[in-house]
Amino acid sequence: MANVTHSKKTSPARMARTAVTVAALLVSATQLAGCFPVLAGAVGTGVVLATDRRPTGTQAIDRGLQVEIDSTLSQRYGDSQARVNTTVYNRKVLLTGEAANAQIKQQIEQYVRGLSNAREVVNELEVTASPGFMTRSNDTYLTSKVKTLLVTAEGVPANSIKVTTEKGVVYLMGVVTSPEGDKATDVARNASGVQKVVKVFDYVSEAERARLDQASSSQNGNAGSEAVGTPAPVQSVPGSQPNAPVTSDAPASMGTSGATTSPVTAPVSSPVALPPGRNLP
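So in our numbering, spot 65 of the sequence shown is number 66, and the numbers just go up one at a time.
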């Protein structure tokens, strides 16, 4: 027995899965504790950069977009006119939350579409009153729960997938192959408490996936839970293009729908400056 135990070499990936599984067990014991998202983030911090399929330049642009949009919308609308959750991945911007009226919803979308670094905009804002504290707390818990389930699932590139939840609806963004996206969706929709799953993925081929993973390992170095409940319905964002590679750092040209209208190949070696309030309607 001892010989078998010592002969097994623990890989970094296995150690990461074990650590996150421990986090999952902790959250199951303290579901309402606010410390779980911090714990999960701390556990995954050393793994994210090593497995994120986005080029480092794209990651920087995503962070810049997030800060720019959040700051501008907060200054412009505050919490009384709109409560917007902005999620950015691979220069695709997902807007969830609430707007006081249809005009504000449209203004927010037009502003984000006007940002040169925003490749595509998915506007899921609802024209309704903002949810209460308990609903928002439950959304935070569901996001952490789904993230943990994805990390512990086989065949899912969890650190290339971003999760956000709004009123029990889970949105999945990321760069995945079609089978990976299906597996991640299945994991999320089977998590108890999830009302629906909306896929906002960028799909790549198996060959492109292998190239991205190899590039990610080169540029960044190397660094078990079971869902319970009735599977939630799945929705795909209209206009999503399966197997369309999205791997460049540069801004893409935008059509009226917000989708990429031509391939982009020129890399961006540094973050693009985003002055506060630019293009605000």
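Even glycine gets a Cβ: it sits at the ideal position worked out from N, Cα and C.
Quantities reported herein were computed from a predicted structural model and do not represent experimental measurements.
Query, Result
"Where the beta strand (DSSP E) through GLU121 begins and ends", "121 to 124"
"LEU173 and VAL128 closer than 9 angstroms at C-beta", "no"
"CB of ALA233 within 9 angstroms of CB of VAL171, strictly", "yes"
"Simplified DSSP assignment, three categories, for VAL113", "helix"
"Between the CA atoms of GLU99 and ILE105 - distance to the nearest angstrom", "10 angstroms"
"Same chain, Cβ closer than 6 angstroms to SER131, five either side skipped, listed in chain order", "ARG84, GLU99"
"Boundaries of the alpha helix (DSSP H) in which ALA189 is found, first to last residue", "179 to 190"
"Span of the beta strand (DSSP E), counted from its first residue to its last, around LYS163", "162 to 167"
"Residue interval of the alpha helix (DSSP H) (run including GLU69)", "57 to 82"
"Which of helix, strand or coil DSSP assigns to THR129", "coil"
"Simplified DSSP assignment, three categories, for SER138", "helix"
"First and last residue of the uninterrupted beta strand (DSSP E) at GLN236", "235 to 237"
"Contact belief for LYS163 with GLY175 at Cβ below 8 angstroms, rounded distance in angstroms", "6 angstroms"
"Bridge partner(s) assigned by DSSP for ALA100", "ALA83, VAL128"
"Nearest neighbour of VAL235, chosen from SER179, VAL199, THR153, ARG54 [CA to CA]", "VAL199"
"Cβ-heavy atom distance, PHE134 to the ligand ADP, below 8 angstroms", "The ligand ADP is absent from the structure shown, which contains no ligand whatsoever."
"Test item: CB-CB of VAL157 and ALA192 under 9 angstroms", "no"
"Extent of the continuous beta strand (DSSP E) run through VAL201", "197 to 204"
"THR136 burial status per 10 Å Cβ neighbour count (16 or more: buried)", "exposed"
"VAL152 vs ASN160 beta-carbon contact at 9 angstroms", "yes"
"Residues sharing a beta bridge with LEU173, DSSP", "VAL164, LYS200"
"Own chain, CB closer than 8 angstroms to ILE109, minus 5 neighbours either side, in chain order", "LEU74, TYR78, ALA83, VAL85, LEU96, ALA100, ASN124, LEU126"
"Coil, strand or helix - VAL157 by DSSP", "coil"
"Close Cβ partners of ASP53 (< 8 angstroms) along its chain, the five nearest in sequence each way excluded", "GLN60, ASN160, SER161, SER217, ASN221"
"Whole-angstrom distance between ASP63 and ALA211, CA atom to CA atom", "23 angstroms"
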